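Q: I am attaching a structure below and will ask some questions about it afterwards.
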Amino acid sequence: MIALNDESVKKVYQLVEEKYQKANNLARFKHILGVVKAATSLAIKYNVSVTKAQIAALMHDYFHNDDTLIMQTYLTEAEIKECKSCKALYHGYASASYYLKNVGQDKEIARAIKYHTFGKLPLTRLDEIILISDYIEENRTYKDCIYCRNLVQKGLFYTAIYESTLNTINHLKSQGIEPHIYQYQILEHYREVMQVELLDIVKEVLDKVKATNIACYETKEVSPFYDYIVLATVSTARQSNAIGEYLEDEIENTPYKIRGEEGINSNWYLIDLGSIIISVLSSEERERLDLDNLYSNLNTIEI
Ligand SMILES: [Fe+2]
Ligand SMILES: [Fe+2]
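Below, the structure written as C-alpha cells:
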C-alpha cells in the first residue's frame, strides 16, 4: 500500500478508484497505482512535490480506452485536431482537461498528465517523473521496461528516458506506425542530456582509483566524433588498468560501452566511450604533451 501524501491526494485516489471500479477495469487501476508508487519514490529522490507527483500519477490515465466522443467533450477544437492525427494523445489530453475542470488548478500537474504518453519538450522534472514512471512501474513485465527500471534504480534517469523513448519508437516502427515528432524531439534532446550521467560514472571511477587533476573539455563544436575529452593523472599502471575494469562494471546493463582502449600499461592510456574519450596520463607525460594547453580554448565542464 502506498502512503498517500495528504487529503487532496486521498480525494483524487477515491475518484479514480471509483471510476475504475465502475468500469470494472481493476488492471488499469493497478497500473495507475504502480505509477503512483514509482512517481512517489522519484519525487522524493529528485526533490519534487510528492503531492503533485501522486495527483499527476493518479490522474494520468483517468481516461483510457474511453469513448473518443466522450473525451472530445473535454477538448478544444485545436486539441481534437491534434489528437485526430495521433489517437494515442487523446487520453492524456482529456485526462488533463478533466483534472482542470473537476479536480484542481495546478498547471504543472495538468501538463504532466497531458503529455505523459510520450512527453513534449521542454519537460519539467515532474513531466519526466510521470513519463518514466508510466514506463517502469512494477506491473510492467516487458523486458525493455525492466531494463529501464534498472537504469532508473542505478540513478541513470535521463538515460532511462532516452532508452524508453528509443524502445517505443522502435516498437511503433515495427508495427508499421510512424512515431510522433514529439518522440523524435525527446530522443534528440535526451541523447545529449544523458551524457552528463556517463560523465558522472567516469568521475566516480576516476575518484575511486584516486586519479588526480581531472579535467573535462567539451569538444562538441570542434570534433565530429566526441562530445567530451576527460583528462586525468595517475602515478601507476595499476591505477589506469583499474579504470577500465571499474568502468566495465559500472556500465554493465546500460547502453554505454567501452568502444576501444589503447596504451594499456603505458603512460598514456586512452578509453573510448563513444561520445567521451578518457585520457589517463602520468604527470610527466601530461606535462610533456601539454594537452591542457592544447585544449585551453575549449569549454571546461565541472565534473
Ligand atoms: Fe497513458
Ligand atoms: Fe499509464
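Once you know that position 32 of the sequence shown is 131 in the working numbering, the rest is easy, because the numbers rise by one and skip nothing.
Glycine residues also receive a C-beta, built at the ideal position from the N, C-alpha and C atoms.
Being a predicted model, the structure only gives us computed values, none of them experimental.
(1) For Leu157, would you say it is in contact with chain C, using Cβ-to-Cβ distances shorter than 9 Å as the test?
(2) From what residue to what residue does the alpha helix (DSSP H) around Ala126 run?
(3) Rounded to whole angstroms, what's the CA-CA distance from Lys319 to Thr258? Just pull it up for me.
(4) Quick one: does the C-beta of His163 sit closer than 8 Å to a heavy atom of ligand 1?
(5) Cβ of His270 within 8 Å of any heavy atom in ligand 2?
(6) Mind listing which residues have their beta carbon within less than 6 Å of any non-hydrogen atom of ligand 2? Chain order is fine.
(7) Could you tell me if Ser322 is buried or exposed, where buried requires 16 or more neighbouring beta carbons within 10 angstroms of its beta carbon?
(8) List the residues that DSSP assigns as beta-bridge partners of Gly359.
(9) At 3 residues or longer, what runs of the beta strand (DSSP E) sit wholly inside the stretch 283-356?
(10) I'd like to confirm something about His190: is its beta-carbon nearer than 8 Å to some heavy atom of ligand 1, or not?
(11) Can you tell me the Cβ-Cβ gap for Leu369 and Glu383, rounded? I've got them flagged as a contact below 8 Å.
(12) In whole angstroms, what is the alpha-carbon distance linking Gln274 and Arg385?
(13) May I ask you to check if the CB of His215 is nearer than 8 Å to at least one heavy atom of ligand 1?
(14) Measuring CA to CA, which of Ile350, Lys309, Arg337 and Leu305 is closest to Val329?
A: In short:
(1) As a matter of chain content, chain C is missing from the structure shown, which is built from one protein chain.
(2) Leu125 to Lys144
(3) 19 Å
(4) yes
(5) no
(6) His130, Val134, His159, Asp160 and Asp233
(7) exposed
(8) Asp371
(9) 311-317 and 327-332
(10) yes
(11) Rounded, the Cβ-Cβ distance is 17 Å, inconsistent with contact.
(12) 53 Å
(13) yes
(14) Leu305
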